[in-house]
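*Asks:* The opening position of the sequence shown corresponds to residue 59 in this note's numbering, with each subsequent residue numbered one higher. From the three backbone atoms N, C-alpha and C, an ideal C-beta is built for every residue, glycine too.
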Amino acid sequence: MNNTATVFEKMLSPEVRDAFLLRKEGSYNISPEELAELKEYILSDKCKTDIKRLCNRDFFLSIPHRTLLKKKSSQKKRTIYRFLAEEKMLMKLMAFVLHDYDDIYEDSVYSFRIGKHVSRIFYDIRKNDLCNTKWVLKSDIKSYGDNVQPGILADMLDALFKDTDPDLCWFLRTLLMRGRFYADGRLMEGSTGALSGCPLTTFFENVYLKDVDMLIRKECDYYCRYADDIAIFSSSQEEAKGIYIKLKDLFSERGLSFNEDKTDILMPGEKFDLLGFSIEGREYDISKHSMKSIMWRMNHKARKLVRCQKKYGLSREETMKKMIDRIDMYFFGRGLDTNELNWVDWSFRILTRCDSLRKLDNYCQECIRYVGSGGKRTDSKYRVRYKTMQRMGYRTLVHAFYHGIDENDKRI
Numbered sequence: 059m060n061n062t063a064t065v066f067e068k069m070l071s072p073e074v075r076d077a078f079l080l081r082k083e084g085s086y087n088i089s090p091e092e093l094a095e096l097k098e099y100i101l102s103d104k105c106k107t108d109i110k111r112l113c114n115r116d117f118f119l120s121i122p123h124r125t126l127l128k129k130k131s132s133q134k135k136r137t138i139y140r141f142l143a144e145e146k147m148l149m150k151l152m153a154f155v156l157h158d159y160d161d162i163y164e165d166s167v168y169s170f171r172i173g174k175h176v177s178r179i180f181y182d183i184r185k186n187d188l189c190n191t192k193w194v195l196k197s198d199i200k201s202y203g204d205n206v207q208p209g210i211l212a213d214m215l216d217a218l219f220k221d222t223d224p225d226l227c228w229f230l231r232t233l234l235m236r237g238r239f240y241a242d243g244r245l246m247e248g249s250t251g252a253l254s255g256c257p258l259t260t261f262f263e264n265v266y267l268k269d270v271d272m273l274i275r276k277e278c279d280y281y282c283r284y285a286d287d288i289a290i291f292s293s294s295q296e297e298a299k300g301i302y303i304k305l306k307d308l309f310s311e312r313g314l315s316f317n318e319d320k321t322d323i324l325m326p327g328e329k330f331d332l333l334g335f336s337i338e339g340r341e342y343d344i345s346k347h348s349m350k351s352i353m354w355r356m357n358h359k360a361r362k363l364v365r366c367q368k369k370y371g372l373s374r375e376e377t378m379k380k381m382i383d384r385i386d387m388y389f390f391g392r393g394l395d396t397n398e399l400n401w402v403d404w405s406f407r408i409l410t411r412c413d414s415l416r417k418l419d420n421y422c423q424e425c426i427r428y429v430g431s432g433g434k435r436t437d438s439k440y441r442v443r444y445k446t447m448q449r450m451g452y453r454t455l456v457h458a459f460y461h462g463i464d465e466n467d468k469r470i
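As structure tokens, then:
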């Protein structure tokens, strides 16, 4: 495909659509039903017609529905904008093509970039012993997607695409600036930010801070950002404070702010959390927040299975097997047979200790016993023996950590 082709021209290319579907086939976070539906649309004449309509500047996308979803293991809610199924699939294809522009971002931005795995952050930190030698400014951006200013973002997209791809520029500006959505069955007007939950959101968020990333990277020893999560390593406390003030002003100009509850400047060697991991010197473990989130998922599934057991008369063995399969899928996933990393592949590359893994193993076994005893939390649940779990396919994380890593898959 010609590199000078526009995004819509690339979307019309059979080779590009085949590459997109091939990547989706290798993903372990899409169900077989969703994949079949995606294939049917992407390979259809309807998809080509929809792309051509956009080429002709016929904006046909529906007004999205805004939904507030409760975050798992938290009382906070996040905003999601939902489009029709075919519109969402079309934007997924567009997001795939837009990865051709990944090289416009600073190298230290790791969010949702093909071929740039986030484990590189931890490799760089450990290799250069940054945690023991540098001051760390650790923070995240408060409600990042919701607070993006559509007008500012649209102007940035104009600067990127107006000369080379004006049709794409028109589409993205129209999508962002429409300012209408449905909420609770009523048509509302107001800013939709970066349209959180839309397949193009991550692209919008990366573009929005592109120049800020480049500026801050030049003023510190090491900078990394993944979506709204930021870590900046500096030679002194004064330098870290100066960067914090400068970054705060830059954010303010764009309608953004730090999440002050998660913002701190830490001295060399001090413990901090980054992207779900707890870092202390050269030691890496799972963070408390991630542990809480995983345990919430397992507990939620166990309670749901007990309700199903009572409602549908499932046997003890059936519910235990379902719980074990759920645990296995969550940690080991289908990524073992695909080009994507599952939880174990991703985490084991980074972890240097297994304290949290042992706690997770114990908690998962408690969930299996809870299900196997019909929802009893008394000592009777211990009648479910560990050997019984093993026979049903249960495997521990600690054993996998020490014995289950492929010899060609070295940790960082």
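Closest to Asp419 by CA distance: which of Leu363, Lys380, Pro257, Met356 is it?
*Replies:* Looking at the Cα atoms, Met356 is the closest of the given residues.
*Asks:* Shortest alpha-carbon distance to Tyr370 belongs to which of Met349, Lys417, Gly432?
*Replies:* Closest by alpha carbon: Gly432.
*Asks:* Going by the beta-carbon positions, is the gap between Ile274 and Tyr281 smaller than 8 angstroms?
*Replies:* Yes, the pair counts as a contact, with Cβ atoms nearer than the cut-off.
*Asks:* Exposed or buried, Thr454, counting other C-beta atoms within 10 Å across all chains shown (16 or more means buried)?
*Replies:* It is buried - the Cβ of Thr454 has at least 16 other Cβ atoms within 10 Å.
*Asks:* Under 8 angstroms by Cβ, that's how I've got Leu253 and Tyr139 pegged, so tell me the actual separation to the nearest angstrom.
*Replies:* That belief holds up - the Cβ atoms of Leu253 and Tyr139 are roughly 5 angstroms apart, short of 8 angstroms.
*Asks:* Do you know offhand how far His358's Cα is from Glu83's?
*Replies:* If I take the Cα positions, the gap works out to 28 angstroms.
*Asks:* Could you compute how far the alpha carbon of Thr446 sits from the alpha carbon of Phe459?
*Replies:* Looking at the two C-alpha atoms, the distance is approximately 22 angstroms.
*Asks:* Would you call Glu520 buried or exposed, if buried means 16 or more other Cβ atoms sit within 10 Å of its Cβ?
*Replies:* Outside the modelled stretch of the chain, which goes from 59 to 470, sits residue 520, for which no answer is possible.
*Asks:* Among Glu263, Val194, Arg238, which has the Cα closest to the Cα of Ile301?
*Replies:* The residue with the shortest Cα to Cα distance from Ile301 is Val194.
*Asks:* Here's the rule: buried if 16 or more other CB atoms are within 10 angstroms of the residue's CB, otherwise exposed. What is Tyr444?
*Replies:* Classification of Tyr444: exposed, given that the 10 Å Cβ count is below 16.
*Asks:* Going by the beta-carbon positions, is the gap between Met214 and Leu151 smaller than 8 angstroms?
*Replies:* Going by C-beta atoms, Met214 is not nearer than 8 angstroms to Leu151.
*Asks:* Please go through the same chain and pick out, in chain order, the residues whose beta-carbon is closer than 8 angstroms to the beta-carbon of Gly451, but skip the five residues on each side of it.
*Replies:* Taken in chain order, the residues that qualify are Lys379, Ile382, Asp383, Asp386.
*Asks:* Please say whether Leu363 and Val442 have beta carbons closer to each other than 8 angstroms?
*Replies:* Taking 8 angstroms as the Cβ cut-off, Val442 and Leu363 do not qualify as a contacting pair.
*Asks:* Cα-Cα, which of Leu218, Ser249, Lys134 is closest to Asp160?
*Replies:* Measuring from the Cα of Asp160, the nearest candidate turns out to be Leu218.
*Asks:* With distance defined between alpha-carbon atoms, name the residue in Ala153, Asp198, Lys174, Gly313 nearest to Asp319.
*Replies:* Of Ala153, Asp198, Lys174, Gly313, the residue nearest in Cα terms is Asp198.
*Asks:* Counting Cβ pairs, one atom from each stretch, are 3 or more of them under 8 angstroms apart for the region 199-208 and the region 306-318?
*Replies:* Contact between the region 199-208 and the region 306-318 is present, because at least three Cβ pairs lie under 8 angstroms.
*Asks:* Within this structure, are the beta carbons of Ala153 and Leu79 separated by less than 8 angstroms?
*Replies:* Going by C-beta atoms, Ala153 is not nearer than 8 angstroms to Leu79.
*Asks:* Out of Cys425, Ser405, Gln295, state which residue places its alpha-carbon closest to the alpha-carbon of Ser336.
*Replies:* The candidate whose alpha carbon is nearest that of Ser336 is Ser405.
*Asks:* Cβ of Ser177 within 8 angstroms of Cβ of Arg407?
*Replies:* Closer than 8 angstroms, so yes.
*Asks:* Going by the beta-carbon positions, is the gap between Phe229 and Leu112 smaller than 8 angstroms?
*Replies:* For Phe229 and Leu112, yes; Cβs fall inside 8 angstroms.
*Asks:* Roughly how many whole angstroms lie between the Cα atoms of Asp187 and Tyr181?
*Replies:* Their backbone Cα atoms lie some 10 angstroms apart in a straight line.
*Asks:* Note the first and the last residue of the continuous alpha helix (DSSP H) segment covering Met349.
*Replies:* Element bounds for Met349: 346-370.
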